[in-house]
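Trainee: Residue numbers (the working numbering): 27 to 204.
Structure provided below as structure tokens; questions to follow.
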């Protein structure tokens, strides 16, 4: 039985989540050379408004607080498209890292996905992927992860249920796994 559970984020907490994510996204886009530093934060905030116009109440988007023993240890944002979840953002706060919570969170997400009839989990790539830290979680097979195109979004598919993520620390001080 996992020690973690997911709790839907309250709208009152969304502003802080959105601000921190916008900062990290802007930094990624500047680092990738996609946006000018002078425009990046405004562009990132607009992107958040476009993607989540109703905050936590935006249809098909689920933003959860990650809870361990009544304490918030991170956040998880997924988007549902048909029978697939796409991870948009996954954060384990710095103070709780290196305790196996990232792997445990993925197991909790897998349980949630099964309960909702979701058959596939993918990673939505918002910005550049900075390969500073690579973690792999083997569930059922050794088949590789490979990139594919879904509309205009580049998605890393997890057909084999092998999860790969990269660690990046934002200026807000949170390590993100994109």
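Just so you know, even glycine gets a beta-carbon here, dropped at the ideal spot from N, CA and C.
Note that this is a predicted model, so its numbers are computed, not measured.
In the DSSP assignment, find the beta strand (DSSP E) that holds residue 30 and state where it starts and stops.
Mentor: As a position in the chain shown, residue 30 is number 4, starting the count at 1. Per DSSP, residue 30 is one residue of the beta strand (DSSP E) stretching across 30–34.
Trainee: Residue 147 and residue 111: beta carbons closer than 8 Å?
Mentor: Here the question's residue 147 lines up with position 121 in the chain shown. Here the question's residue 111 lines up with position 85 in the chain shown. Cβ distance < 8 Å, so residue 147 and residue 111 count as in contact.
Trainee: Count the other CB atoms, across all protein chains shown, that sit within 10 Å of the CB of residue 34; report buried if there are 16 or more and exposed otherwise.
Mentor: Here residue 34 is taken as the residue at index 8 of the chain shown, counted from 1. Flag for residue 34 reads exposed.
Trainee: For the beta strand (DSSP E) holding residue 49, just list the boundary residues, first then last.
Mentor: The count along the chain shown starts at 1 and reaches residue 49 at position 23. No beta strand (DSSP E) holds residue 49; the alpha helix (DSSP H) holding it covers 37–58.
Trainee: Residues in its own chain within less than 6 Å of residue 69 by CB, not counting five upstream and five downstream?
Mentor: What you label residue 69 is simply residue 43 of the chain shown in a count that begins at 1. Around residue 69: 61.
Trainee: In terms of alpha-carbon separation, which member of 142, 40, 145, 128 lies closest to residue 80?
Mentor: Position 54 of the chain shown, counted from the first residue, corresponds to residue 80. The residue with the shortest Cα to Cα distance from residue 80 is 40.
Trainee: Is the beta carbon of residue 102 less than 8 Å from the beta carbon of residue 149?
Mentor: Translated into positions along the chain shown, residue 102 becomes position 76. Translated into positions along the chain shown, residue 149 becomes position 123. Contact: no.
Trainee: From 106, 78, 85, 119, pick the residue whose C-alpha is nearest to that of residue 97; which is it?
Mentor: Translated into the one-based positions of the chain shown, residue 97 becomes position 71. If we check each option's Cα against that of residue 97, 119 comes out closest.
Trainee: Is residue 47 near residue 131, with beta carbons less than 8 Å apart?
Mentor: Translated into the one-based positions of the chain shown, residue 47 becomes position 21. Translated into the one-based positions of the chain shown, residue 131 becomes position 105. Not in contact: residue 47 and residue 131 (Cβ atoms no closer than 8 Å).
Trainee: Using a Cβ-Cβ cut-off of 6 Å (strictly less than) and excluding sequence neighbours within five positions of residue 82, which residues of its own chain qualify?
Mentor: Counting from one through the chain shown, the residue named residue 82 turns up at place 56. Closer than 6 Å at Cβ, skipping near neighbours: 35, 37, 40, 89.
Trainee: Report the rounded CA-to-CA distance for residue 93 versus residue 128, giving the unit in angstroms.
Mentor: For the purposes of this step, residue 93 is taken as the residue at position 67 of the chain shown. For the purposes of this step, residue 128 is taken as the residue at position 102 of the chain shown. Each residue's Cα considered, the two are about 12 Å apart.
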